[in-house]
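Written below as structure tokens is the structure these notes are about.
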Amino acid sequence: GEQVEQLPSILRVQERSSASINCTYENSASNYFPWYKQEPGENPKLIIDIRSNMERKQIQGLIVLLDKKAKRFSLHITDTQPADSAMYFCAAGIASSSFSKLVFGQGTSLSVVP
Amino acid sequence: ETAVFQTPNYHVTQVGNEVSFNCKQTLGHDTMYWYKQDSKKLLKIMFSYNNKQLIVNETVPRRFSPQSSDKAHLNLRIKSVEPEDSAVYLCASSPPGGGNTLYFGEGSRLIVV
């Protein structure tokens, strides 16, 4: 199987609190896990990614965790701001030398309210 | 800064008509993709091309066909559109090497009436 399950589908948090999005994947050969942010009317853009040789990665207020045993990975946004409101997509794939075959999760609509 | 260009951005057409979406990338990438994003925002890969070779062809209906003249261009043709084809079609490209970032275009919204 190649499905990627993403939860929650809708997330509403207070400004300056944390937001967490969780994903699970089926294909144990997956070795690349990017996260994309899509603002209304815009295209998805990569915000952070993690490869299977890592368990944790942080870029400023974004933290991604990877648990290969459980086939689970997550995005944590610390100190959320209204500008973080958007759709977020996780993806899992097998990175080869030629191309990336990514399977995307169903997306999470994040709203950060003042 | 946009580097994956899609045209048209918006197209309304009737059932049974033919539609083409064009995509060009100026990033010098070797691989290009077409994704479909439906009304629920689900992103599904349709095709990918690497150096003009089709390397991923998901189980999309036969009325869809990718067309590429060189590695910087990947067009999508829909021979006879159906209502369920209404969606946003996103073109993307990625650089060579493993685990690569997808750079998406702005999308082409198709509405079939």
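So the sequence lines, in the order shown, correspond to chains D and F. Mapping of the first sequence onto this note's numbering: position 50 corresponds to residue 39, and the numbering continues sequentially without gaps. Mapping of the second sequence onto this note's numbering: position 113 corresponds to residue 348, and the numbering continues sequentially without gaps. The beta carbon of each residue, even a glycine, is placed where N, CA and C say it ideally should be.
Given residue i as reference, the closest of the options once Cα atoms are compared
| i | options | result |
| --- | --- | --- |
| Lys314(F) | Val250(F), Cys258(F), Thr294(F) | Val250(F) |
| Glu(-6)(D) | Asp68(D), Asp73(D), Lys60(D) | Lys60(D) |
| Leu278(F) | Gly342(F), Ala238(F), Val347(F) | Gly342(F) |
| Gln47(D) | Gln70(D), Lys57(D), Pro23(D) | Pro23(D) |
| Lys287(F) | Ile280(F), Thr294(F), Ser304(F) | Ser304(F) |
| Gly50(D) | Ile37(D), Glu44(D), Ala75(D), Asn42(D) | Ile37(D) |
| Ala72(D) | Ile10(D), Glu(-9)(D), Ser100(D), Ser19(D) | Ser100(D) |
Range covered by the beta strand (DSSP E) that runs through residue i
| i | result |
| --- | --- |
| Leu99(D) | 97 to 102 |
| Leu289(F) | 288 to 292 |
| Thr13(D) | 8 to 14 |
| Val347(F) | 343 to 347 |
| His65(D) | 61 to 66 |
Residues sharing a beta bridge with residue i, DSSP
| i | result |
| --- | --- |
| Ile48(D) | Leu51(D) |
| Gln241(F) | Cys258(F) |
| Asn285(F) | Thr266(F), Gln288(F) |
| Pro23(D) | Asp38(D) |
| Val92(D) | Ala81(D) |
Residue i in three-state terms, based on DSSP
| i | result |
| --- | --- |
| Pro(-3)(D) | coil |
| Asp265(F) | coil |
| Pro318(F) | helix |
| Pro71(D) | helix |
| Gln249(F) | coil |
| Pro363(F) | Missing from the structure shown is residue 363(F); chain F here goes from 236 to 348 and no further. |
| Met43(D) | coil |
7 Å Cβ cutoff, residue i in contact with chain D
| i | result |
| --- | --- |
| Phe339(F) | yes |
| Leu262(F) | no |
Contact with chain F by residue i, beta-carbon distance below 7 Å
| i | result |
| --- | --- |
| Leu51(D) | no |
| Leu35(D) | yes |
| Lys90(D) | yes |
| Asn16(D) | no |
| Met43(D) | no |
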